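Peer 1:
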Amino acid sequence: MKKAILLGVFLTFSGIGAWMQYMVSNPLNSATSFMIFYDNPTEQTISRLKEVDVAIIAVHAFTREQIKEIQDAGTLIFAYTSLMQLENWNTTMTSQVKSNDFVEQDGERIYIKEWDTYLMDIRQSHYQQLLLTKIEIERREKQVDGVFFDTVDDLYYYFHDTEEHKSYLLAYETILKDVSDQGLIIFQNRGFETLQAKGEPYVSGVLWENFDSSNFEESSWARNWMLKLHRYHTSGKVRLFTEVRSDPSEQVSLNLGFPTFRKE
22 MKKAILLGVF LTFSGIGAWM QYMVSNPLNS ATSFMIFYDN PTEQTISRLK
72 EVDVAIIAVH AFTREQIKEI QDAGTLIFAY TSLMQLENWN TTMTSQVKSN
122 DFVEQDGERI YIKEWDTYLM DIRQSHYQQL LLTKIEIERR EKQVDGVFFD
172 TVDDLYYYFH DTEEHKSYLL AYETILKDVS DQGLIIFQNR GFETLQAKGE
222 PYVSGVLWEN FDSSNFEESS WARNWMLKLH RYHTSGKVRL FTEVRSDPSE
272 QVSLNLGFPT FRKE
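Taking our numbering, the leading residue of the sequence shown gets 22, the next gets one more, and so forth.
(1) Please report the straight-line C-alpha distance between S54 and E184, rounded to a whole angstrom.
(2) How many angstroms separate the CA atom of Y43 from the CA atom of Y223?
(3) So, at 6 Å on beta carbons, what are the nonlocal neighbours of H186 in its own chain, with the 5 sequence-adjacent residues on each side left out?
(4) Give me, in chain order, the residues of the same chain whose beta-carbon lies closer than 7 Å to that of A79; leave out the 5 immediate sequence neighbours on both sides.
(5) Using only the heavy atoms of the ligand NAP, determine whether one of them is closer than 7 Å to the beta carbon of V265.
(6) So, for T263: in the same chain, excluding its five sequence neighbours on each side, which residues have a beta-carbon less than 6 Å away from its beta-carbon?
(7) Between the Cα of Q164 and the Cα atoms of Q217, R85 and W136, which residue gives the shortest distance?
(8) Using the Cα positions of L140 and L250, report the straight-line distance between them to the nearest angstrom.
(9) E214 to I77, Cα distance in whole Å?
(10) Per DSSP, what are the beta-bridge partners of R283 in this structure?
(11) Between N236 and V75, what straight-line distance do the alpha-carbon atoms span, to the nearest angstrom?
(12) Quick check on the DSSP output: what are the complete beta strand (DSSP E) runs of length 3 or more inside the stretch 92-134, in order along the chain?
(13) Could you round the C-beta distance between S234 and S201 to whole angstroms and report it? I think they count as a contact, below 8 Å.
(14) Please report how far the alpha carbon of R260 lies from the alpha carbon of L107, in whole angstroms.
(15) Return yes when the Cβ of D142 is within less than 8 Å of the Cβ of E118, no when it is not.
(16) Using only CA atoms, which one of Q272, L277 and V265 lies nearest to R283?
(17) Counting only the same chain and skipping the five closest in sequence on each side, list residues whose C-beta sits under 8 Å from that of N210.
(18) Counting only runs of 3+ residues fully inside the stretch 134-212, write out the beta strand (DSSP E) ranges in chain order.
(19) Sort A243, L104, L277 and L153 by Cα distance to H254 and report the nearest one.
Following this line, the structure appears as structure tokens:
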């Protein structure tokens with residue numbers, strides 16, 4: 022806990038200089054609260070979503086009227102999109118994929134059992150177009166404010182030590198450019214290395230899913246990225262949001278000024 026407090030003091034003072042030097046316009050800079058919701062909404066859920074500044078939702082579960090009601094209360098709506106993994110339940114996309122859209126290892130597709138998904142090759146122009154078409158339809162039909170890219174950290178986890186890593190990063194940059202050209206705000210989950218490599222010019226917000234303050238005592242990786250992301254946050258370049266699962270982590274996040282969502 023002492024280390025967490027010292028980290029907070031250091032971040033606060035180091036962030037002042039960054040804010041003065043780099044403060045830029047970012048549509049998420051004024052956000053102080055957010056909510057993640059991937060199920061079918063109830064009236065109670067919609068009331069809760071209307072109370073936050075930012076909502077990350079599974080757009081297919083909401084009608085345009087429900088989304089408009091939430092937006093009219095001042096909430097920015099972000100449509101969940103899995104960048105690197107395709108869910109088996111998503112029959113709209115699974116019915117259109119081609120065999121070379123899948124990442125293969127030793128001739129076998131990479132299946133992630135925990136989520137019932139397959140790892141996808143975003144370098145393939147066909148799969149890129151499927152993703153971009155999904156996003157464009159949600160922009161046009163549901164009129165969302167932005168896109169929330171999940172599974173971005175797979176770009177580093179699976180490929181950082183391979184010859185293909187650079188080509189995957191370039192593919193993500195191409196997708197980010199297209200989404201940005203659609204006028205949508207871009208928000209991504211974790212994938213900090215990818216954010217630094219290619220995402221910074223396009224990404225307005227980054228989520229630190231399962232933000233755990235105890236990691237700062239044990240992990241130099243966590244401490245280093247906390248410093249970098251705090252600088253992004255205080256400069257206004259990329260706003261940091263946290264999803265927490267314990268009282269200590271929630272308190273540290275709030276003390277550092279990050280919009281914080283407590284996972285139930």
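No residue lacks a Cβ here, since even glycine has one placed at the ideal position from N, Cα and C. What you are looking at is a predicted structure, and each value in this text was computed from that prediction instead of being measured.
Peer 2: Based on what the coordinates show:
(1) Within the sequence shown, residue 54 is the residue found at index 33, counting from 1. Within the sequence shown, residue 184 is the residue found at index 163, counting from 1. Roughly 40 Å between the two C-alpha positions.
(2) The residue you call residue 43 lines up with position 22 of the sequence shown. The residue you call residue 223 lines up with position 202 of the sequence shown. Confidence at Y43 is low in this model, with a pLDDT of 40, below 50, so its placement is unreliable and the value that follows should be read with caution. Cα to Cα, the separation comes out at about 16 Å.
(3) Residue 186 sits at position 165 when you count from the first residue of the sequence shown. Taken in chain order, the residues that qualify are F180.
(4) Numbered from its first residue, the sequence shown carries residue 79 at position 58. In its chain, beyond the 5 residues on either side, Y59 and Y101 have a beta carbon closer than 7 Å to the beta carbon of A79.
(5) The ligand content of the structure shown is nil, which means the ligand NAP is not present either.
(6) By one-based count along the sequence shown, residue 263 stands at place 242. Taken in chain order, the residues that qualify are W229, F232, S274, F279 and T281.
(7) Translated into the one-based positions of the sequence shown, residue 164 becomes position 143. Answer by Cα proximity: R85.
(8) Counted from its first residue, the sequence shown places residue 140 at position 119. Counted from its first residue, the sequence shown places residue 250 at position 229. Roughly 27 Å between the two C-alpha positions.
(9) The sequence position of residue 214 within the sequence shown is 193, counting from 1. The sequence position of residue 77 within the sequence shown is 56, counting from 1. So the two alpha carbons sit approximately 22 Å from each other.
(10) Taking the first residue of the sequence shown as 1, we reach residue 283 at position 262. In the DSSP output, where bridge partners are listed per residue, R283 has V265.
(11) Against the sequence shown, residue 236 aligns to sequence position 215. Against the sequence shown, residue 75 aligns to sequence position 54. Straight-line Cα distance between these residues: approximately 26 Å.
(12) 97-103 and 106-108
(13) Residue 234 sits at position 213 when you count from the first residue of the sequence shown. Residue 201 sits at position 180 when you count from the first residue of the sequence shown. Actually they are not in contact, since the Cβ atoms of S234 and S201 sit about 33 Å apart, beyond 8 Å.
(14) On the sequence shown, position 239 is the one that residue 260 refers to. On the sequence shown, position 86 is the one that residue 107 refers to. Rounded to whole angstroms, R260 to L107 spans 27 Å at the Cα level.
(15) Here the question's residue 118 lines up with position 97 in the sequence shown. Here the question's residue 142 lines up with position 121 in the sequence shown. The amino acid occupying residue 118 in the given sequence is Val; Glu does not appear at that position. Their beta carbons are not under 8 Å apart, which means V118 does not touch D142 by this criterion.
(16) Here the question's residue 283 lines up with position 262 in the sequence shown. Between R283 and the set Q272, L277 and V265, the nearest pair of CA atoms involves V265.
(17) Along the sequence shown, read from residue 1 onward, the residue named residue 210 stands at position 189. The answer, listed in chain order, is F169, F170, D171, T172, V173, D174, V227, L228 and E230.
(18) 138-140, 167-171 and 206-210
(19) Position 233 of the sequence shown, counted from the first residue, corresponds to residue 254. Out of A243, L104, L277 and L153, L277 has the C-alpha closest to the C-alpha of H254.
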